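>
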Amino acid sequence: MNYLEMDKKSLEQRFEVIKGMYQDFLSANLHLDMSRGKPSAEQLDLTTDLLTAVKSERDCLTQDGTDCRNYGLMDGIPEAKELFAEFLGVTPAEVIVGGNASLSLMYDCVSWGMTHGYLGSTPWSKLDRVKFLCPSPGYDRHFGITESFGIEMIVVPMLEDGPDMDMVEQYVNHDPAVKGIWCVPKYSNPEGKTYSDEVVRRFAALKPAAEDFRIFWDNAYGIHDLYDEGDRLLSILDECKEAGNPNLPFLFGSTSKVSFAGAGVAAMGASEENIAYIKKLMFYQTISADKINQLRHVRYFKNMDGIRAHMKKHAAILRPKFEMTLETMEEYLGGKGIASWIHPRGGYFISFDTLPGCARRTVQLAREAGVALTPAGASYPYGKDPNDTNIRIAPSYPPVKELRLAMELLCVCVEYAALEKLLG
Ligand code: PLP
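In this text, residue positions in the sequence shown follow the working numbering: the first is -6, and each later residue adds one.
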């Protein structure tokens, strides 16, 4: 029954029941962590043989004869450039294979914009105002990077098939202070939405007021399908080239959720002109990334078919967790009118909305009963969700049994906070 249509007395009776259920959880002394989208131990075990994929000193030579144990090849070993070009949907000349984290590459790109500027433009730090568009809900660490540089962040609502492009065009095409936009175009964090062809084409056709505007295209979940039939995403670089805007996008990706989180290989893609410029800046920063790890990844996965086959094993572990999470929500909250959620077909998160003004309280109740969730508001710039509704659920890490328990508690907390609100 929809709680918004229930009389006060019935709500009060229900609240007593829910308080009792919450009390039982308090006594159960839980200690569960669902705060970040981490792969589970079972997923990490899938890639154990990667650790020994480079077997001896003789095995350390790349296809061009470079010894990976030594300095050199700052932008990646040739076979890794080939693999990650395909991974990102660009050519080997349009890729830099980096270290262990795509987030570091994103940070560097914002940082270089601030200190050096792009392709001859004024460094952003010398300007009075610098703004980034932030499709929200979005990835908290993106917003953390721009906030740390004092860049003004503007919330752009996420619609069904990507950011509100009318608003994006309005800002980008008319305000020269807008220098970038954060995008997670496939199975977005946290909503699991994939940008439609029309959205990608509208991005490619932007006519930025700022000559150094860049699209930060973080395709972190580009191959992370939960089902055999995955979402399709157009190639942003191809579309940008076609629209005469080759320098607009910076693409990012990594194997953090393919091999090992934080110990995989990250890469970025961009036009050859952007890549050449970035390589000049990078030259002062590093002599080379960890080429042995790059080689291990190539030896282990061999090619994109190898990576895609491997992702099916991840999906087989993740799918039951996502489905159980969604089933628990339906079982506990379906039809009550106090919550809504999205059914993602890939990625690492389920985006959940409480009644307005209830997300913080829900997360607090869960924390006090021993379940850590991503802080409410984290998916918005400055940690401020204007309606206080969004909670990011990360089902990947806990074993299924613990996850079920954590979800039951979360549902009880959602109802607790909703009833508190409705009863005023
Ligand atoms: N980008 C997005 C959208 C993510 O959700 C995450 C991790 O959760 C990352 C990047 C981090 O990637 P990496 O480990 O390559 O730094």
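Even for Gly, the Cβ is constructed at its ideal location relative to N, Cα and C.
Since this is a predicted model, take the numbers as computed values, not measurements.
1) Please specify which runs of the alpha helix (DSSP H), each continuous and at least 4 residues long, are wholly inside the segment 216 to 284, giving them in chain order.
2) For Gly340, which option in Gly223, Leu39, Leu44 has the closest C-alpha, if you only look at C-alpha atoms?
3) Sorry if obvious, but does the Cβ on Ala213 come closer than 7 Å to a heavy atom of the ligand PLP?
4) Which whole runs of the beta strand (DSSP E) in the segment 90 to 154 are 3 residues long or more, in chain order?
5) Would you kindly work out how many angstroms separate the C-alpha atoms of His24 and Leu219, rounded to a whole number?
6) Please list, in chain order, all residues of the same chain as Gly92 whose beta carbon is under 7 Å from its beta carbon, the five residues on each side excluded.
7) Just reading off the beta strand (DSSP E) that Arg29 is part of, what are its end residues?
8) Would you list the residues sitting across from Cys176 in a DSSP beta bridge?
9) Using 8 Å for Cβ pairs, my map puts Trp358 next to Ala410. What's the rounded Cβ distance?
10) CB-CB under 7 Å to Tyr164, same chain, minus the five flanking residues each way: which ones, in chain order?
11) Is there contact between the segment 262 to 280 and the segment 34 to 45, where contact requires at least three CB pairs shorter than 8 Å?
12) Out of Asp298, Ile386, Glu232, which one is the CA nearest neighbour of Glu191?
13) Which residues does DSSP list as the beta-bridge partners of Asn383?
14) Restricting to runs no shorter than 4 residues, where is the alpha helix (DSSP H) found entirely within the segment -3 to 46?
15) Taking 7 Å as the cut-off, is the C-beta of Ser389 nearer than that to any heavy atom in the ligand PLP?
16) Leu96: beta carbon under 7 Å from a heavy atom of the ligand PLP?
17) Under the three-state reduction of DSSP, which class applies to Asp57: helix, strand or coil?
This is what the structure gives:
1) If we require 4 residues or more, the alpha helix (DSSP H) runs fully inside the segment 216 to 284 come out as 229 to 235, 265 to 275.
2) Closest option to Gly340, Cα to Cα, is Gly223.
3) Distance from the C-beta of Ala213 to the nearest heavy atom of the ligand PLP is below 7 Å.
4) DSSP assignment within the segment 90 to 154 yields the following whole beta strand (DSSP E) runs of 3 residues or more, N-terminal first: 124 to 129, 145 to 152.
5) Cα atoms of His24 and Leu219: separation of roughly 27 Å, rounded to the nearest angstrom.
6) Apart from sequence neighbours up to five positions away, the residues of its chain that approach Gly92 with a beta-carbon distance below 7 Å are Ala259, Ala282, Asp283, ordered along the chain.
7) Arg29 -> no beta strand (DSSP E), and no H or E assigned at all.
8) DSSP lists Trp210 as partners of Cys176.
9) The sequence shown places Leu at residue 358, not Trp. Indeed, because the Cβ distance is near 6 Å, the residues count as touching under 8 Å.
10) For Tyr164, same chain residues with a beta-carbon under 7 Å away, outside a window of 5 residues either side, are Leu126, Ile147, Val171 in chain order.
11) The count of Cβ pairs closer than 8 Å, one atom from the segment 262 to 280 and one from the segment 34 to 45, stays below three, leaving the stretches out of contact.
12) Closest in alpha carbon position to Glu191, among Asp298, Ile386, Glu232, is Glu232.
13) In the DSSP assignment, the residues bridged to Asn383 are Asp346.
14) Whole alpha helix (DSSP H) segments, 4+ residues: 1 to 21, 34 to 38.
15) Within the chosen limit of 7 Å, the ligand PLP does not reach the beta carbon of Ser389 with any heavy atom.
16) Within the cutoff, so yes.
17) Residue state, collapsed to three classes: coil.
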